[in-house]
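Asks: Here's a structure for you.
In the working numbering, the protein residues as written are 18 to 540.
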């Protein structure tokens, strides 16, 4: 798709439609001088250059990527109308599109019946699900994995509900045994399971939790904000087997009470586009309210009547609807995009596992890979892992010649040493590196990413051995905690210099290997 062709077409849609209502004179209060706008736009464009290249496979950090061109065209076209999907009269066309999109999402999870709507985010979607949890069991609390998104703890606090974190197992998934002990107390009304934790991409055993919850009279809410679209692969026996995905959790979602999923993640949509789905259409009673100035049209359902949110962009529904016309919710539709990311994660995990420079933190369940620089001899400590990870992150971003963008995850000492018992717990935790490979282009780039990150890791460990007292200041890494020491520019330069030497050796070795393969391969 060429946006240079389709964006002018998008502008024409609203203009042609508007012509049927006759001419009118725009008010001068809205007028701006073209020269003034040109100058402001140049400043605006310059400001936007201060961004990371989310579109490029060099960016292997957080779970962000550009929306699909179809979503861009759909959003901008509908934005000219500026519909509000709170009430049907706010945008009949996009209200209808939203209902169709929600039905498609419910079908992806095989929900037998449903009521739901799009939201501005996964946070709001989870808030609504927990609101229903409170209304359904006002005197009982909510249980969620200790590895679940912090949304659940915060929203329990907002709703005045007692939250109960449940310990996770060695793979970062909710421990069913610990959950059952909590359910026996009778204090839990709803259990939240996560299909794709935002840290590691772990998938809770939904099938096991569902059986336990039903035994003790509890509801089950599925937080699939991040990983939900993997149901396209997990529910397909052939794809699940080929990609090493356990189908049992994904099939069990159909028996749960509610689900949240974020189309603005794997659904290729612009922010913000989340969704909440309830398996029981009667759940709408918990949102019942009246509005003296809306809900006047004869509509089967006003989406605002089943939502805590009021104004919601109809353009979000339009963008998702247009995207799904081209990439339907099937294994051979949108599923192909997720499969590429899954294969990229498996490929990189295999390379890391056989690497001397990097250590795999956890085998990926979806498309998030976690790893850390392998500490040097005599330096197998959590503090060494933390320092080297931070150095790799900073040096990768600082290198204008060959940048790479990663992210980090803070892991507590108990979790790290349980996975890696050779590490000495000289501090209460450490940051490990984390890459979300949600762009399908990442698959082709895995060898290059691995070589680059391995070189940076070797450089970081070498720098640590040469200057053991140096550490990356907290200011250099957003969200980091710990004492600051050596200047970040000096540390990054040292790491980059060491990485360049390692990379040049790796390139030479790769060239020799490729030559050998070429000589052995048939023409």
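The C-beta atom is built at its ideal place from N, Cα and C for all residues, glycine as well.
Keep in mind the model is a prediction, meaning the values are calculated, not measured.
#1: Give me, in chain order, the residues of the same chain whose beta-carbon lies closer than 6 angstroms to that of residue 20; leave out the 5 immediate sequence neighbours on both sides.
#2: Starting from the C-beta of residue 92, find all residues in its chain whose C-beta is less than 6 angstroms away, skip the five residues before and the five after it, and write them out in chain order.
#3: May I have the straight-line CA-CA distance separating residue 359 from residue 243, to the nearest angstrom?
#4: Only counting the same chain, and skipping five residues up and downstream in sequence, which positions put a Cβ closer than 7 angstroms to that of residue 151?
#5: By the DSSP assignment, the beta strand (DSSP E) with residue 175 in it spans what residues?
#6: Tell me the residue span of the alpha helix (DSSP H) that contains residue 233.
#7: If we require 4 or more residues per run, which alpha helix (DSSP H) segments fall completely within the segment 337-372?
#8: With distance defined between alpha-carbon atoms, name the residue in 212, 250, 240, 195 nearest to residue 229.
#9: With DSSP as the reference, label residue 136 as helix, strand or coil.
#10: When the Cα atoms are used, what is the spatial distance from residue 283 to residue 330?
#11: Terminal residues of the continuous alpha helix (DSSP H) containing residue 28?
#12: Return the residue from the list 351, 357, 387 that minimises the CA-CA distance to residue 368.
#13: Determine the closest residue to residue 267 out of 124, 395, 109, with distance taken between C-alpha atoms.
#14: Nearest to residue 437 by alpha carbon, out of 389, 343, 57?
#15: Kindly indicate which residue of 147, 247, 452, 260 has the alpha-carbon position closest to the one of residue 207.
#16: Taking only three categories from DSSP, how would you classify residue 391?
#17: Label residue 525 either buried or exposed according to how many other C-beta atoms from any shown protein chain fall within 10 Å of its C-beta, with 16 as the threshold for buried.
#18: Please report the straight-line C-alpha distance between residue 115 and residue 135, rounded to a whole angstrom.
#19: Can you give me the Cβ contacts of residue 443 inside the same chain, cut-off strictly under 8 angstroms, excluding the 5 residues immediately before and after it?
#20: Which residues mark the beginning and the end of the alpha helix (DSSP H) in which residue 268 is found?
#21: Taking the Cβ atom as the reference point for each residue, do residue 328 and residue 103 lie within a distance shorter than 8 angstroms?
#22: Mind reading off the beta-carbon distance from residue 217 to residue 79? Whole number of angstroms is fine, and I expect it under 8 angstroms.
#23: Taking only runs that begin and end inside the segment 413-466, name each unbroken beta strand (DSSP E) of 3 or more residues, in chain order.
#24: State the DSSP-derived secondary structure class of residue 92, mapped to helix, strand or coil.
#25: Could you have a look at residue 125 and say whether DSSP puts it in helix, strand or coil?
#26: Between the C-alpha atoms of residue 42 and residue 30, what's the straight-line distance to the nearest angstrom?
#27: Where DSSP assigns a beta bridge to residue 379, which residues make up the other side?
#28: Is the beta carbon of residue 159 closer than 8 angstroms to that of residue 298?
#29: Note the first and the last residue of the continuous alpha helix (DSSP H) segment covering residue 222.
#30: When you compare only the Cα positions, how much space is there between residue 394 and residue 82?
#31: When the distance is taken between beta carbons, is residue 363 closer than 8 angstroms to residue 249?
#32: Using only the alpha-carbon positions, how far apart do residue 411 and residue 450 sit?
#33: Can you tell me the Cα-Cα spacing of residue 237 and residue 227, whole angstroms?
#34: Kindly indicate the opening and closing residues of the alpha helix (DSSP H) around residue 295.
#35: For residue 382, collect the residues of the same chain with a Cβ closer than 7 angstroms to its Cβ; drop the 5 residues on either side in sequence, then sort them by chain order.
#36: Between which two residues does the beta strand (DSSP E) containing residue 206 stretch?
Replies: Let me spell this out:
#1: 86
#2: 287, 332, 336
#3: 14 angstroms
#4: 176, 178
#5: Careful: residue 175 lies outside any beta strand (DSSP E), inside the alpha helix (DSSP H) at 167-176.
#6: Counting along the chain, residue 233 falls outside any alpha helix (DSSP H), and DSSP gives it neither H nor E.
#7: 352-370
#8: 195
#9: strand
#10: 20 angstroms
#11: 20-35
#12: 387
#13: 124
#14: 389
#15: 147
#16: coil
#17: Residue placement at residue 525 is poorly supported in this model, since its pLDDT is 38, which falls under 50; the coordinates still yield a value, given next. Exposed, since its Cβ has fewer than 16 Cβ neighbours within 10 Å.
#18: 7 angstroms
#19: 398, 399, 400
#20: 264-269
#21: yes
#22: Incorrect: roughly 14 angstroms between the Cβ atoms, too far for contact.
#23: 424-429, 446-453
#24: helix
#25: helix
#26: 20 angstroms
#27: 387
#28: no
#29: First-last for residue 222: undefined, no H or E at that position.
#30: 38 angstroms
#31: no
#32: 11 angstroms
#33: 7 angstroms
#34: No alpha helix (DSSP H) contains residue 295, which is instead part of the beta strand (DSSP E) from 291-295.
#35: 218, 219, 220
#36: 205-211
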